[in-house]
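Novice: In the numbering used here, the protein residues as written are 60 to 455.
The beta-carbon is built from N, C-alpha and C at its ideal position, and this holds for glycine as well.
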Amino acid sequence: MDGAIHIRVAESIESVPPSVWDELANAGSSTGNPFLSHAFLSALEDSKAVGSRSGWLPQHLLVEDSEGRILAAAPAYLKSHSQGEYVFDHGWADAFERAGGRYYPKLQLSVPFTPASGPRLLVGNGSAAPVLRDALIAGIKGYVAQTGVSSAHATFLMPDDLTAMEEAGFLHRTDQQFHFRNREYGSYEDFLETLASRKRKALRKERREAVSNGIEVVRLSGKELTDEVWDAFFGFYMDTGSRKWGRPYLNRRFFSLVGERMGDKIVLVMARRAGRFIAGALNFVGGDTIYGRYWGCVEDHPFLHFEICYHQAIDYAIEHKLAVVEAGAQGEHKLARGYEPTTTHSAHWIAHPGLRQAIEDHLDYERHRVAEMKEALDAHTPFRRGERLDEPATED
């Protein structure tokens, strides 16, 4: 890479041609992340799910050469709150503001409303990637210094981004999710055979009872994602969102747009009874991973949530030879269903020295606690001894 480069802030993803953005994000690669695609991010903007009114103002960082060619990018948003991030910093904000500081606005490098790990410094696969990654990091620091925002936060990071940001002085934070790992199972029954017998029997019973009341489960993608289907699912989403979050983040138009633009990357698992849809879960498919996102229902049936959200995703991953199921944030109940504790990572640039020191001290303690919790949970997975670890297997 020769010549001068500079950082530009784009206030809309439409400032970047889709082919350029997707190439930088590796969105079309074998391990491409659907949430980093131009189609997904533009659906958020075009539906007004993100924007000034939602408190997610696009401020995408672009690295350009002297001729205006985009060499690297980072999805970034100016935030006036901490909602929809899934890495909770409300305590940091409260402490800083009680001390007389101003925590908001802040810069957030993430995919809005999406707790899925993926690249945040989009540099492609070329030999210049390390230099471009450093340029974006310098741009993040420059943005904080020039605008006077309190901080910058890059959440759900991949290893290359985390390493580069730590080396540049960002603070490292960890958290925990539960992911299913497909060990080249030929079928769901093959997976069950790796579990202790009591766990096997419990999951078989759970799956039978989930659909015992005349319930049919279907998977819909592409052209099957009609307005009627989205209307039903949006009703489920609104019911769950209003109960869990107070105000659902997404609007009806978003689902139509994302269905039109990337329906082939969507697997909508829907439950139907007596001729109408009663529950559903929305999944997105990447190169080697299926990502579970939203669930909702209008009828309560025992174990239906687990079937629609977790067992069906495992079925799909095994059938399509996907390596991982990421089932969203939190949820220790996933452990009994074959999902294993997995550490997630974020990086934080804090401008105020006093706040930075307090957060750094807290994160050192927090990382140890997260590691201890993971170790404890690893000991309580449903797998037979030796199926997950390098130990000899034993009979039940």
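Thinking just about the alpha-carbon of each residue, which of 400, 333, 242 is nearest to the one in residue 373?
Specialist: By one-based count along the sequence shown, residue 373 stands at place 314. Nearest C-alpha to residue 373: 242.
Novice: If you draw a straight line from the alpha carbon of residue 118 to that of residue 248, how long is it in whole angstroms?
Specialist: Against the sequence shown, residue 118 aligns to sequence position 59. Against the sequence shown, residue 248 aligns to sequence position 189. Cα to Cα, the separation comes out at about 47 Å.
Novice: Are the CB atoms of residue 43 and residue 347 nearer to each other than 8 Å?
Specialist: Outside the displayed range of the chain (60 to 455) lies residue 43, so it cannot be described from this structure.
Novice: Rounded to whole angstroms, what is the Cα-Cα separation between residue 192 and residue 332?
Specialist: Taking the sequence shown and counting its residues from 1, the one referred to as residue 192 is at position 133. Taking the sequence shown and counting its residues from 1, the one referred to as residue 332 is at position 273. Roughly 51 Å between the two C-alpha positions.
Novice: Would you tell me roughly how many angstroms separate the C-alpha atoms of residue 339 and residue 436, rounded to the nearest one?
Specialist: Here the question's residue 339 lines up with position 280 in the sequence shown. Here the question's residue 436 lines up with position 377 in the sequence shown. Their backbone Cα atoms lie some 29 Å apart in a straight line.
Novice: Closer than 8 Å by C-beta to residue 394: which residues in its own chain qualify, once you throw out the five before and the five after it? Chain order, please.
Specialist: In the sequence shown, residue 394 corresponds to position 335, counting from 1. Excluding sequence neighbours, residue 394 sits near 237, 400, 436, 439, 440, 441.
Novice: Ordered along the chain, which non-local residues of its own chain (more than five positions away) have a Cβ less than 6 Å from that of residue 278?
Specialist: In the sequence shown, counting from the first residue as 1, residue 278 sits at position 219. Here the set comprises 326, 328.
Novice: Per DSSP, which one or two residues make a beta bridge with residue 234?
Specialist: Sequence index remark: in the sequence shown, residue 234 carries index 175 (1-based). Residue 234 pairs with 403.
Novice: When you compare each of 120, 162, 415, 235 to residue 434 by their alpha carbons, which one comes out closest?
Specialist: Taking the sequence shown and counting its residues from 1, the one referred to as residue 434 is at position 375. Cα-wise, what sits closest to residue 434 is 235.
Novice: Can you tell me whether residue 449 is helix, strand or coil according to DSSP?
Specialist: Along the sequence shown, read from residue 1 onward, the residue named residue 449 stands at position 390. Because the pLDDT of residue 449 is 40, which lies under 50, any placement of that residue in the model is unreliable, and the number read from its coordinates should be weighed accordingly. The answer is coil: DSSP assigns residue 449 none of H, G, I, E or B.
Novice: Output yes or no for whether 8 Å exceeds the beta carbon distance between residue 162 and residue 209.
Specialist: The residue you call residue 162 lines up with position 103 of the sequence shown. The residue you call residue 209 lines up with position 150 of the sequence shown. Result yes, Cβ atoms of residue 162 and residue 209 sit closer than 8 Å.
Novice: Curious, which full-length beta strand (DSSP E) runs of at least 3 residues does the segment 376-426 contain?
Specialist: Qualifying beta strand (DSSP E) stretches, in chain order: 383-388, 399-409.
Novice: For the beta strand (DSSP E) containing residue 332, name the first residue and the last one.
Specialist: Taking the first residue of the sequence shown as position 1, residue 332 is located at position 273. Its beta strand (DSSP E) spans residues 325-332.
Novice: In the structure shown, what three-state DSSP assignment does residue 79 receive?
Specialist: As a working mapping, residue 79 is identified with position 20 in the sequence shown. Residue state, collapsed to three classes: helix.
Novice: Which term fits residue 76, buried or exposed, when burial requires 16 or more other beta carbons within 10 angstroms of its beta carbon?
Specialist: Start at 1 with the first residue of the sequence shown, and residue 76 comes out as number 17. Residue 76 should be labelled exposed.
Novice: Indicate whether at least one CB of chain B lies closer than 8 Å to the CB of residue 349.
Specialist: Included in the structure is just one protein chain, with no chain B present.
Novice: Could you round the C-beta distance between residue 211 and residue 254 to whole angstroms and report it? I think they count as a contact, below 8 Å.
Specialist: As a first step, residue 211 must be located in the sequence shown, where it is residue number 152. As a first step, residue 254 must be located in the sequence shown, where it is residue number 195. Not really, about 43 Å apart at Cβ, beyond 8 Å.
Novice: Pull up the CB-CB distance for residue 425 and residue 232, whole angstroms please, since I reckon it's below 8 Å.
Specialist: As a working note, residue 425 is residue 366 in the sequence shown. As a working note, residue 232 is residue 173 in the sequence shown. The pair is a contact, with the Cβ atoms about 7 Å apart (cut-off 8 Å).
Novice: Of the choices 388, 133, 267, 342, whose alpha-carbon is the least far from that of residue 100?
Specialist: For the purposes of this step, residue 100 is identified with residue 41 of the sequence shown, where counting begins at 1. Considering only alpha carbons, the answer is 133.
Novice: Beta-carbon within less than 6 Å of residue 92's beta-carbon, same chain only, minus the 5 sequence neighbours each way: which residues are those?
Specialist: Mapped onto the sequence shown, residue 92 falls at position 33. Hits under 6 Å: 177, 345.
Novice: Which residue comes first and which comes last in the alpha helix (DSSP H) that contains residue 264?
Specialist: Within the sequence shown, numbered from 1, the residue matching residue 264 stands at position 205. From DSSP, the alpha helix (DSSP H) with residue 264 extends over 256-269.
Novice: Out of 287, 205, 174, point me to the one whose CA is closest to residue 165's CA.
Specialist: Here the question's residue 165 lines up with position 106 in the sequence shown. The option with the nearest alpha carbon to residue 165 is 205.
Novice: Residue 221 by DSSP, collapsed to three states: which one?
Specialist: To locate residue 221, count along the sequence shown from 1; it is residue 162. In this structure, residue 221 counts as helix in the three-state DSSP scheme.
Novice: Three-state secondary structure (DSSP) at residue 454?
Specialist: Start at 1 with the first residue of the sequence shown, and residue 454 comes out as number 395. Bear in mind that the predicted position of residue 454 carries a pLDDT of just 37, short of 50, making it unreliable; the figure below should be weighed with that in mind. Correct three-state label for residue 454: coil.
Novice: To the nearest angstrom, report how far apart residue 82 and residue 272 are at their CA atoms.
Specialist: In the sequence shown, counting from the first residue as 1, residue 82 sits at position 23. In the sequence shown, counting from the first residue as 1, residue 272 sits at position 213. If I take the Cα positions, the gap works out to 47 Å.
Novice: Using beta-carbon positions only, say whether residue 366 and residue 443 come within less than 8 Å of one another.
Specialist: Numbered from its first residue, the sequence shown carries residue 366 at position 307. Numbered from its first residue, the sequence shown carries residue 443 at position 384. Cβ atoms of residue 366 and residue 443: not closer than 8 Å.
Novice: For residue 362 and residue 228, I'd like the C-alpha separation in whole angstroms.
Specialist: As a position in the sequence shown, residue 362 is number 303, starting the count at 1. As a position in the sequence shown, residue 228 is number 169, starting the count at 1. Cα-Cα distance, rounded: 46 Å.
Novice: Going residue by residue through the segment 126-172, where are the continuous alpha helix (DSSP H) segments of at least 4 residues, counting only ones entirely within it?
Specialist: List check, alpha helix (DSSP H) in window: 149-157.
Novice: Look at the Cβ atom of residue 386, then the Cβ atom of residue 368, and state whether they are nearer than 8 Å.
Specialist: On the sequence shown, residue 386 is found 327 positions in, with the first residue counted as 1. On the sequence shown, residue 368 is found 309 positions in, with the first residue counted as 1. Yes. Within cutoff.
Novice: Could you check if residue 147 is buried or exposed, using at least 16 other CB atoms within 10 Å of its CB as the buried criterion?
Specialist: In the sequence shown, residue 147 corresponds to position 88, counting from 1. Exposed, since its Cβ has fewer than 16 Cβ neighbours within 10 Å.
Novice: Just mark residue 218 as buried or exposed, buried being the case when its beta carbon has 16 or more other beta carbons within 10 Å.
Specialist: Counting from 1 along the sequence shown, the entry for residue 218 is found at position 159. Label assigned to residue 218: exposed.
Novice: Could you check what DSSP says for residue 347 in three-state terms: helix, strand or coil?
Specialist: Residue 347 sits at position 288 when you count from the first residue of the sequence shown. Three-state result, residue 347: coil.
Novice: Which same chain residues, not among the five before or five after residue 293, have their C-beta less than 7 Å away from its C-beta?
Specialist: The residue labelled residue 293 in the question sits at position 234 within the sequence shown. Result list for residue 293: 311, 314, in chain order.
Novice: How many angstroms separate the CA atom of residue 245 from the CA atom of residue 189?
Specialist: Within the sequence shown, numbered from 1, the residue matching residue 245 stands at position 186. Within the sequence shown, numbered from 1, the residue matching residue 189 stands at position 130. So the alpha carbons of these two residues sit roughly 39 Å apart.
Novice: If you follow the beta strand (DSSP E) that residue 210 is part of, which residue opens it and which one closes it?
Specialist: Position 151 of the sequence shown, counted from the start, is the residue given in the question as residue 210. Here the beta strand (DSSP E) through residue 210 covers 210-214.
Novice: Would DSSP call residue 189 helix, strand or coil?
Specialist: For this step, residue 189 is matched to residue 130 along the sequence shown. Three-state result, residue 189: helix.
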